Amino acid sequence: MISVRTTELIVGQPISVPVVLGGYDPARDSGLDVRVEISVTGGSAQLGTQTGSSIVLDGTLAEVTQQLGALTVTATQSGDVVIKVRAFRIDKPNESISGGATLVAAEPTASPTPTPTQSAVAVVATPSASPQATTAAAPPPTLRSFDPRDNPEFVITSAVTAAAVLGVVGAGALAPTIGGGSQSGGGSGSGTAGSSGVGTSGAGRRPDNADTQSWLADIADTSLTAGASAAGSAVLLGWGDRQQTWRTPLSDRLDQGIARSARRLAQTSPLLLRLIDDGTYLRAMFGSFVGLLPMLGLVLGVLAVANVHGEAITPSLWLVAAVIVIGSLNALAGAAAVLAFTVGLLAMGGLSSVGGVRLLMGLCLIAFGPALVAAGTRPLRRSRDEQHNVWERVTDFVVVPLVAGFLVQGTVRALPGLAGLELPIAADAGLLALIAIAAMLLRMVLEEVAARGYPNRLNEIEFAELPQPAAAQRIAAILLRTLAFAFVSEAFIGAVWQLWVGVALFLLTQVLMLAAPSVPNSPVLFHLVPVGVPRFLLVLLASLGLATLATLLVGEGPDSSQWAFVFLLLPGLVLAGVGMFGREPEPGDTRWYLRPGMRMWYRIGGVVLVAVSVWASQLA
87 MISVRTTELI VGQPISVPVV LGGYDPARDS GLDVRVEISV TGGSAQLGTQ TGSSIVLDGT
147 LAEVTQQLGA LTVTATQSGD VVIKVRAFRI DKPNESISGG ATLVAAEPTA SPTPTPTQSA
207 VAVVATPSAS PQATTAAAPP PTLRSFDPRD NPEFVITSAV TAAAVLGVVG AGALAPTIGG
267 GSQSGGGSGS GTAGSSGVGT SGAGRRPDNA DTQSWLADIA DTSLTAGASA AGSAVLLGWG
327 DRQQTWRTPL SDRLDQGIAR SARRLAQTSP LLLRLIDDGT YLRAMFGSFV GLLPMLGLVL
387 GVLAVANVHG EAITPSLWLV AAVIVIGSLN ALAGAAAVLA FTVGLLAMGG LSSVGGVRLL
447 MGLCLIAFGP ALVAAGTRPL RRSRDEQHNV WERVTDFVVV PLVAGFLVQG TVRALPGLAG
507 LELPIAADAG LLALIAIAAM LLRMVLEEVA ARGYPNRLNE IEFAELPQPA AAQRIAAILL
567 RTLAFAFVSE AFIGAVWQLW VGVALFLLTQ VLMLAAPSVP NSPVLFHLVP VGVPRFLLVL
627 LASLGLATLA TLLVGEGPDS SQWAFVFLLL PGLVLAGVGM FGREPEPGDT RWYLRPGMRM
687 WYRIGGVVLV AVSVWASQLA
């Protein structure tokens with residue numbers, strides 16, 4: 087799609103007439119070699135060193151789109167001036183897109199020449215007393231607008247990624263983004279969908295049954311079970327328990343303060359409790375020094391504000407990468423970085439558009455989403471008693487980082503659509519995904535050190551069993567998540583009827599999860615509902631198929647992305663509907679593939695499913 091800015095021309099004067107190329111994915115297509123042909127009737131065009139009634143521009147898509155923003159047109163006559171633009175890939179000249187505009191040129195009007203005043207002359211003639219005093223850091227470059235509704239393929243790719251993430255962790259996965267409580271999603275084998283009380287990171291919690299110990303488990307047990315010390319039983323000291331690393335100043339007060347506030351936060355602000363609990367492994371090893379990472383997050387947030395000069399755009403690549411790393415190690419640190427960035431933008435008046443607000447929501451998902459969302463697929467930490475199961479632990483080390491990388495890559499690619507600007511960082515989505523994978527691998531290693539070396543310390547500071555959030559809070563969480571979902575989705579498909587249908591489907595999915603404990607349980611359905619990696623793969627492949635179906639039914643264009651938006655919410659709704667009835671197996675039973683006779687097939691199938699999932703995720 088090609089659009090030419092409509093403006094009024096003046097005969098004999100060069101006027102800026104930017105040309106915008108749409109219908110492509112900036113992160114994927116920027117390196118394509120393209121040619122753009124521009125012709126002007128009734129005037130001449132200028133672009134770089136080229137001037138005349140026709141201009142030919144060759145280069146990569148990223149280079150060409152940037153240069154087209156500098157196009158100027160000079161009318162040689164009053165009346166209509168016709169501008170035509172044709173663009174195509176160098177290797178596919180027969181597959182072109184065209185666009186243009188008819189502008190109106192007017193004769194120039196005479197304007198009196200102002201007489202400079204004495205004071206004005208004095209200001210011009212007076213040299214600066216200190217040239218360095220007027221020198222400021224260069225502001226960020228002006229970014230061109232980006233409307234995802236003009237890029238159906240971009241919208242569909244973003245929707246497929248979102249559907250896959252929500253499919254594996256449930257609609258409640260948005261809770262960390264908007265602060266609306268949490269629920270275990272999508273029919274976890276550990277219990278009722280949506281039944282967990284407070285949704286912690288799940289790191290290191292001992293699952294309630296063998297099903298949640300499986301790498302195929304949907305959600306790690308999120309019910310903040312009591313440690314052995316809380317239950318009155320002893321735990322053998324580890325080598326770390328005997329060290330001084332955690333006996334730092336104020337550690338006891340910090341532990342006591344968190345313990346006292348946990349019950350209240352469980353009912354009023356489950357998100358904040360999840361953020362605090364995410365650093366438990368670090369608190370076990372380093373005591374009060376765990377606060378250094380959130381402090382570093384605040385510093386990075388302030389640096390990011392200075393980096394963008396108070397504008398609601400993404401900071402430099404290294405700053406975003408640094409926030410991903412500290413947020414992966416401690417979700418509270420990532421949240422602190424976004425908080426400082428948000429406060430800075432508000433103080434400088436840079437947060438003045440809905441695009442800026444949506445961008446902040448995307449940055450939240452990048453900053454502390456990997457730690458919270460990835461922990462919903464596999465345990466980040468297993469107790470020392472579980473370390474003998476090497477197969478399960480190796481699978482943890484594979485699945486958790488890959489989920490984190492998939493989330494970061496998809497979110498970074500979607501940032502231009504959220505902000506409404508062509509953000510250069512979208513081209514580095516793959517690099518940031520690798521950084522997220524590496525950071526989560528480091529997190530897993532540190533979690534392993536904590537579990538093996540500091541078992542008694544972990545037992546002492548892990549939360550005891552906490553109450554579920556109040557019903558009003560859970561309902562408010564659902565409404566907030568739904569409003570956030572509608573707010574973000576509107577940027578991608580517009581306020582069309584498909585948006586409201588999709589929002590209704592999203593809301594219904596959460597209502598089913600909330601109502602699950604009130605309906606009968608079917609052990610047969612329990613075995614039929616996929617969880618974990620199989621669920622992720624099923625939703626991802628179904629989403630890719632439904633997106634293709636939408637394109638085949640309505641053709642390429644905005645309609646295809648709008649219909650795909652509705653279609654992609656159906657797999658999650660169906661799984662939630664079936665999962666609410668298939669919550670638990672028969673007493674003493676487990677999932678069919680975890681039975682003793684299925685061990686070999688379980689492991690072979692696990693390797694195949696992980697490999698296929700990695701391959702399919704690259705298609706999104």
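Numbering (the numbering used here), first residue to last: 87 to 706.
In this text, a Cβ means the ideal position worked out from N, Cα and C, and glycines have one as well.
From a predicted model like this one, the values you see are computed outputs, not experimental measurements.
Ranked by how close their Cα comes to the Cα of Ile-88, the residues Gly-98, Gln-99, Gly-108 have Gly-108 in first place. For Leu-143, the enclosing beta strand (DSSP E) stretches over residues 140-146. Within a 10 Å sphere around the beta-carbon of Leu-565 sit fewer than 16 other beta-carbons, which makes this residue exposed.
Only buried fits Glu-397, as 16 or more other CB atoms lie within 10 angstroms of its CB.
Counting the other CB atoms within 10 Å of its CB gives Thr-137 a total below 16, which places it among the exposed residues. Judged by pairs of C-beta atoms under 8 Å, the segment 384-403 does not touch the segment 346-356, as fewer than three such pairs exist.
Around Thr-497, the same chain offers Gly-448, Leu-451, Ile-452 as residues with beta carbons nearer than 6 Å, after the five sequence neighbours per side are excluded. Taking C-alpha positions only, Val-693 is separated from Ser-184 by approximately 48 Å. If you ignore the 5 residues before and after Leu-598, its C-beta comes within less than 6 Å of the C-beta of Ala-662, Gly-663, Met-666, all in its own chain and listed in chain order. Distances from the CA of Thr-188 to each of Pro-179, Gly-503, Ile-176, Val-159 were compared; the closest alpha carbon is that of Val-159. Around the beta carbon of Asp-119, fewer than 16 other beta carbons sit within 10 angstroms, so the residue counts as exposed. A distance below 8 Å between beta-carbons, with the five flanking residues on each side excluded, links Leu-386 to the following residues of its chain, in chain order: Leu-405, Ala-408, Val-409, Ile-412, Ala-423, Ala-426. Annotated as distal: Leu-154 and Pro-234, with beta-carbon spacing of 8 Å or more. Your pair Val-97 and Ala-191 checks out as a contact, with CB atoms roughly 5 Å apart and the cut at 8 Å. Judged by their CB atoms, Ala-352 and Pro-603 are not nearer to each other than the 8 Å cut-off.
The three-state secondary structure of Ser-182, taken from DSSP, is strand. Between Gly-117 and Thr-146, the beta carbon gap of about 5 Å places them in contact (Cβ cut-off 8 Å). Excluding five sequence positions before and after Gly-588, the CB atoms of its chain that fall closer than 6 Å to its own CB belong to Phe-651, Val-652, Leu-655, given in chain order.
Setting aside the 5 residues that flank it on each side, Pro-100 is surrounded in the same chain by Gln-132, Thr-158, Val-159, Thr-160, each with a C-beta closer than 8 Å to its C-beta; the list follows chain order. For the set Phe-592, Val-619, Tyr-679, Val-640, the Cα lying nearest the Cα of Val-700 is the one of Val-619. Put simply, of Gln-495, Gly-674, Thr-637, Leu-591 the residue whose alpha carbon is nearest the alpha carbon of Gly-658 is Leu-591. Shown here for Ser-608: same chain residues with a beta carbon closer than 6 Å to its own, the five before and five after excluded, namely Phe-667, Gly-668 in chain order. Residue burial annotation: Glu-534 is buried, with at least 16 other C-beta atoms found within 10 angstroms of its C-beta. Separation of Thr-676 and Val-610 (C-alpha to C-alpha, rounded to the nearest whole angstrom) is 12 Å. Shortest Cα-Cα distance from Leu-705 to any of Asp-645, Ser-646, Leu-626 involves Leu-626.
In the DSSP assignment, Gly-668 falls outside any alpha helix (DSSP H), carrying neither H nor E.
Counting only residues of its own chain and dropping the five nearest sequence neighbours on each side, Ser-402 has a CB closer than 6 Å to the CB of Asn-393. For Ala-581, the secondary structure class from DSSP, reduced to helix, strand or coil, is coil. Here Gln-648 has Ile-579, Val-582, Gln-584 as same chain residues with Cβ atoms under 6 Å from its own Cβ, once five neighbours each way along the sequence are excluded. The alpha helix (DSSP H) runs of length 4 or more contained entirely in the segment 354-401 are, from start to end of the chain, 356-363, 366-372, 378-393.
Membership of Gln-648 in the alpha helix (DSSP H) is indicated by the continuous run 644-653. The Cβ atoms of Leu-509 and Leu-229 lie closer than 8 Å to each other. Buried is the label assigned to Asn-416, since at least 16 other Cβ atoms lie within 10 Å of its Cβ. In the three-state reduction of the DSSP assignment, Thr-162 falls in the coil class. In its chain, beyond the 5 residues on either side, Phe-372, Gly-373, Ser-374, Phe-375 have a beta carbon closer than 8 Å to the beta carbon of Thr-334. Residue pairing by DSSP places Ala-558 opposite no residue, since no beta bridge is assigned to it.
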